[in-house]
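Structure record follows, encoded as structure tokens.
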Amino acid sequence: MTVTTPPPALEVQGLRKTYRRAFGRGGHEALRGMDLHVPAGSAFGLIGPNGAGKTTFIKSVLGIVRPSAGTVRVLGGSPEDPAIRARIGYLPERLHLPGTWKSPAFLATVARLKGLKADAGAHLKLLERVGLSDAVDRRIGGYSKGMRQRLGLAAALIGDPALLVLDEPTDGIDPMGRLEVRRILQEEVKKGVTLFLNSHLLAETERVCDRVAILADGRVLREGRLDELAKAGARWRVRFAPGADAAALASEGFVPAGSAREEGVYTVDAADVAVLNAALDKARSRGALLTELKREGADLEAVLVGAVGGPGVAA
């Protein structure tokens, strides 16, 4: 039995883009030999400082910008192929909507632009899914920024795309709304849709994505699974109930780590879970009661700063 492996959702090799100045005098090189591989069905996040080239990359993927050099393959084909474009759902960072229209009419137009028949029933279900069912009779010009983002997400979902490219999808959405958007995106990934997310909200990227790439100065500095990039090694943070024998724990390799207000907090180094459990068994044999256990690791912000170099990096 032959198993067919789907092509990568995105495959970029040696991608370069130079924006020429007037009369061809020099220019700005936004992408400098960028390589990237996004597996089909993954939830992939692109992060990096302002001016890193993220927007140019997304426009290259969508066929809006033509690269100066290199290759871009999207869903196994060319981003300029209308059939490929029809399988992509896109939410731009700067979403321009017709203020005098109502949301069902806008979704119907998006469907026709993608070569699909306008399905009023399906569009109403999409609006309900993104939390806009109570606003279908209102003109878009009266929508808040968060409501506009929700409408943009509904438009991106038209036609059940195989690839979702979302640029700052939760910008302007309140915390509860972000939970709803996150749930929708997770549902799409479970269905096998590939999610490509560009967001300066690193905490949102951590919650949604399983793989990330760090882009800076037009090049990919680091790429891989989020848990591997953020892994700090084999150190664990543990908390024992008050009354644990500190000297006995120290003899078993537990090092006090908490502040004066955090009684019973220690770290312990363990190469694997078997070694960790052996250390915890010894602590319990000394009368210590475990109340909390967490692997220490860097968050995405720390990973970004470590890769790019220097504090205060703006994503």
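Read in the UniProt record's numbering, the sequence shown has 204 at position 204, and its numbers run on one by one without any break. We put the CB at the ideal spot given by N, CA and C, even for glycine.
Asked                                                                                                                               : Found
Exposure of arginine 85, with buried meaning 16 or more beta-carbon neighbours within 10 Å                                          : buried
Nonlocal neighbours in the same chain, by C-beta distance under 8 Å from proline 104, ignoring five residues either side            : Ala120, His123, Leu124, Leu127, Val136
Three CB pairs or more closer than 8 Å across the stretch 45 to 52 and the stretch 87 to 98                                         : no
Buried versus exposed call for glutamate 262 [16 or more other C-beta atoms within 10 Å across all chains shown]                    : exposed
Cβ neighbour criterion (16 or more within 10 Å) applied to leucine 300                                                              : buried
For alanine 213: DSSP bridge partner residues                                                                                       : Leu46, Glu223
Beta-carbon contacts of glutamate 168 that lie in its chain and below 6 Å, excluding the five residues immediately before and after : Glu93, Ser199
Beta-carbon contacts of serine 60 that lie in its chain and below 6 Å, excluding the five residues immediately before and after     : Pro67, Val72
Beta-carbon contacts of arginine 150 that lie in its chain and below 8 Å, excluding the five residues immediately before and after  : Val130, Gly131, Leu132, Ile173, Gly177, Val181
Where threonine 194 falls: helix, strand or coil (DSSP)                                                                             : strand
Option in Val189, Leu185, Leu166, Leu179 with minimal Cα separation from leucine 197                                                : Leu166
Straight-line gap, valine 12 to threonine 291 (C-alpha atoms, nearest Å)                                                            : 47 Å
CB of arginine 235 within 8 Å of CB of methionine 34, strictly                                                                      : no
Assigned secondary structure, proline 79 (DSSP; H/G/I helix, E/B strand, else coil)                                                 : coil
Rounded C-alpha distance that separates alanine 247 from threonine 205                                                              : 41 Å
Three-state class that DSSP yields for isoleucine 173 in the structure shown                                                        : coil
Presumed contact (8 Å Cβ cut-off) between serine 53 and alanine 30, rounded CB distance                                             : Note on identity: in this sequence residue 53 is glycine, with serine being the wrong assignment. Rounded, the Cβ-Cβ distance is 5 Å, consistent with contact.
Those residues which DSSP pairs with isoleucine 88 across a bridge                                                                  : Leu163
Spatially closest choice to valine 110 from Arg237, Leu157, Thr194, Leu179, by CA coordinates                                       : Leu157
Beta-carbon proximity check, leucine 249 vs alanine 216, cutoff 8 Å                                                                 : no
Exposure label - glycine 141; buried when at least 16 CB within 10 Å                                                                : exposed
DSSP bridge partner residues for proline 256 (one or two, in chain order)                                                           : Tyr266
Distance, arginine 237 Cα to arginine 112 Cα                                                                                        : 55 Å
Outcome for leucine 229 when other beta-carbon atoms lying within 10 angstroms are tallied against a minimum of 16                  : buried
Contact test: valine 165 Cβ vs the ligand SAH heavy atom, cutoff 7 Å                                                                : For the structure depicted, the ligand SAH is absent and the ligand set is empty, with no information on it obtainable.
Supposed contact pair alanine 162 and threonine 194 - C-beta distance, whole angstroms, cut 8 Å                                     : 7 Å
Best match in Leu15, Ala244, Val275, Pro49 for proximity to glycine 306 [C-alpha to C-alpha]                                        : Pro49
C-beta contact flag for histidine 37 and proline 8 at 8 Å                                                                           : yes
Backbone secondary structure at histidine 37 - three-state DSSP                                                                     : strand
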